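In order, the protein sequences belong to chains A and B.
In this note's numbering, each residue's number is its place in the first sequence (first place is 1) plus 1.
In this note's numbering, each residue's number is its place in the second sequence (first place is 1) plus 937.
Here a beta-carbon is modelled for each residue, glycine too, at the ideal position from N, C-alpha and C.
Since this is a predicted model, take the numbers as computed values, not measurements.
Worksheet for the structure shown next.
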Amino acid sequence: MIALPFATLPPLRRPGVRLVLSLLAALTFGAFALTLSCGRGCLSPEQVLLALTGAPGAEGAFVVAELRLPRSVLGLLAGVSFGLGGVAFQTMLRNPLASPDIIGISASAGAAAVFAIVILSLDGWLVSLVAVAAGLGVAVLIWALSARGGGAGARLILIGIGVSAMLDSVTAYLLLEAPAWDRAEAMRWLTGSLNGAQLTQALPVAGSLLLFGGLLACTARNLEVLRLGDDTAEALGVNPDRTRLRVTLAAVGLVAIATAATGPIAFVAFLSGPIAARLLPGSKGLLWAAGLVGAVLVIVGDFIGQFLLPARLPVGVVTGAVGAPFLLYLIIRVNKNGGAL
Amino acid sequence: MTLDHRLEARNLSAGYENRVILHDVSLAIPAGKITAIVGGNASGKSTLLRTLARILRPKAGAVLLDGASVHHMPSRQLAQVMGLLPQSPIVPEGITVADLVGRGRHPHQGLFSRWSREDDRAVSRALKATGTEGLADRDLDTLSGGQRQRVWIAMALAQETDLLLLDEPTTFLDVAHQIEVLDLLVDLNAAQGTTVVMVLHDLNLAARYADHLIAVGSGGIRAEGRPEQVLTEELVRTVFGLSCRIVMDPVSQTPAMIPIGRHKAAQKQIARAAS
């Protein structure tokens, strides 16, 4: 290359991304540790470690290992899944309202999971599989219905909200038809809950985080470039359609499998991205920040719902109460700025 | 860096959906030169550029880069050779200038490769070349139109391609910024031998800055060649349906077009145009 007469500038400063991510990771770990050690009563960190390592006769071994650990692990994994899936959709569609829990992806996974459990009497991985299939089906349906509007305009959002409402009523109907649901179980499928969590439930979610989270990680850089518009992305060597296909597959997989385990925990997917975007202006590391924010929202929301409120409430009620006002705020703001995250 | 990448169109038909805008166009872009594509509104000049840049798939024919169809080339590989600045790229909220220009390095980065010193240097060079190094930490949202356009060009420069295609890079810029952007492209062409292809609205600036002019109209190429061969009164009449006088630009010694309308011209000029 012919040398241009340009002095080399010092390497560019890329401020604070690592710091913010580290702080978020620390916060997530702190919340996780808190839910392991505190509940009705509090245990010291040593006691928690002893209980976890299965030391014979450790104080609180049952509470920590059998009750708190599965709940916290499932909350962590589901929270990360919701956060990643949500921000992936919001970024890809350039609209914070285009989150999977608003446009019906979560609702379809929830309805499919209830259907699989109540009508088909399936459990475990098969429920996850049905949920993912339904999520993908509904994603395709929404895309097809809104295709003429071009991209993620109001059309896609409105169609998604309509589909979401329809699927919620399917869930409600299935719950009424179900022979012996208790109220807690019904709440799980209506608002999302970690009640009665078991480690076996966390397995599919962990697997999906590896598989679909990995796919998302591989596509993250292309997704970043796609934010500059299809033409620019293409000029930079990114195939827009292929990128969208991969991101959709990954995000639907993450959200659907988490939903099949915990129910559609209200607004976590929707809230994580915008909160992360405020912590990390610009976009580098937004994906991972949103995943961590999702985890904090679920873990802390569940803790608040269990112990800090007068009545024990499932996590979805708490996150829903936080999310609804934010939804209103965003709708007002999106009208003003044309839909940036 | 080789300077003689050959970009050509063979029997190209292109357009949108069911509408064919260009019919059977064949052309060759001169390597190492500045080419300007001119034409009226909706004449197909952007369509031509976008098809050359493989954003649009041709309806028939092919766009060839060094003999291979660009529409069948791996996208990333092509992006290392040919850059494009589209007409209206989307500005993501909260992105800084340095970040945006850094995106230009995308085609040079592998899936797991990290940001390298070479990437840093390319970004620095691009910022310097466009005079935007002072803006590196600014949010793109806070910049003026002229600054923003220079930043987008910096992004395309950071891509370090031998061919650079620009779709109306001077639109929305005041005249001083237009000259600045065009001077910048000449610098780039002179310093690195970059082949520049751009769509321009302003015929006089096109004639002044381009080595090679392509006039597009009614679905095909009406004329191409050196500006003094292409920019004639006859051509302006057929392509734009406008009467005009062609004079010599006293500054650049290139042809300049003075339009003749129904008003505000000396009577004999109007009569001459009417005859």
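9 Å or more divides the Cβ of V256(A) from the Cβ of L78(A). Residue environment for K1201(B): exposed (fewer than 16 other C-beta atoms within 10 angstroms of its C-beta). Taking 9 Å as the cut-off, the beta carbon of I1027(B) is found no closer than this to the beta carbon of L216(A). Residue burial annotation: Q1204(B) is exposed, with fewer than 16 other C-beta atoms found within 10 angstroms of its C-beta.
In this model, L310(A) and T1069(B) are separated by some 54 Å (Cα to Cα). Look at the segment 1018-1040 of chain B: the residues with a C-beta under 7 Å from a C-beta of chain A are G1020, L1021, P1023, P1026, I1027, P1029, E1030, G1031, I1032, T1033, A1035, D1036 and R1040. Taking 8 Å as the upper bound for CB-CB distance, T972(B) and A1147(B) are in contact here, some 6 Å apart. Boundaries of the alpha helix (DSSP H) harbouring H1114(B): V1112 to Q1129, taken from the DSSP string. 9 Å or more divides the Cβ of G1162(B) from the Cβ of D961(B). Uninterrupted alpha helix (DSSP H) stretches at least 4 residues long and entirely within the segment 952-1017 of chain B occur at 982-989 and 1012-1016, given in chain order. By the Cβ neighbour-count rule, H1009(B) is exposed, with fewer than 16 other Cβ atoms within 10 Å of its own. Close partners of D242(A) in chain B (Cβ separation under 9 Å) are lacking, with about 11 Å as the shortest Cβ gap. Per the C-alpha coordinates, the member of E1117(B), V1088(B), S1180(B) and S1155(B) positioned closest to A951(B) is S1155(B). Close CB contacts of A198(A) within its chain, under the 6 Å cut and outside five residues either way in sequence, are with P71, R72 and L75 (chain order).
Look at A1160(B) here: in three-state DSSP terms it is strand.
By the neighbour-count definition (other C-beta atoms within 10 Å, threshold 16), S1025(B) is an exposed residue. Under the criterion of beta carbons closer than 8 Å, G193(A) and V316(A) qualify as touching, at roughly 6 Å.
In the structure shown, P1106(B) falls within a coil segment according to DSSP collapsed to helix, strand and coil. DSSP lists V975(B) and A1160(B) as the beta-bridge partner residues of A1152(B). In this chain, the beta strand (DSSP E) harbouring T1132(B) covers T1132 to V1136. The C-beta of D1076(B) comes closer than 9 Å to at least one C-beta of chain A. Within the segment 159-198 of chain A, the alpha helix (DSSP H) runs of at least 4 residues that lie entirely inside it are, in chain order, 184-192.
Approximately 7 Å separates the beta-carbon atoms of A89(A) and A251(A); this is inside 8 Å, confirming the contact.
In this structure E1171(B) is exposed. Its beta-carbon is surrounded by fewer than 16 other beta-carbon atoms within 10 angstroms. Using a Cβ-Cβ cut-off of 9 Å, A236(A) counts as an interface residue toward chain B, since at least one Cβ of chain B sits closer than that to its own. Considering only beta carbons, no part of the segment 1181-1194 of chain B lies closer than 8 Å to chain A. Leaving aside the five residues that flank R1042(B) on each side, the residues in its chain whose CB is nearer than 8 Å to its CB run, in chain order, W1052, D1056, A1059, V1060, A1095 and Q1096.
When rounded, the separation of the alpha-carbon atoms in A187(A) and E178(A) is 12 Å.
DSSP links T1067(B) through a beta bridge to no other residue.
The residue from V1088(B), R947(B) and R987(B) with its alpha-carbon nearest to that of L1001(B) is R947(B). Taking 9 Å as the threshold, the shortest C-beta distance from S1012(B) to chain A falls below it. In the three-state scheme derived from DSSP, where H, G and I count as helix and E and B as strand, L280(A) is classed as helix.
Contact between L1021(B) and A990(B) holds, since their C-beta atoms are separated by about 4 Å, short of 8 Å.
Counted as a single uninterrupted DSSP element, the beta strand (DSSP E) harbouring V1184(B) occupies residues S1180 to M1185. Cβ atoms of A296(A) and G274(A) stay farther apart than 8 Å, at about 14 Å. C1181(B) is classed as buried because its beta carbon has at least 16 other beta carbons within 10 Å across all chains shown.
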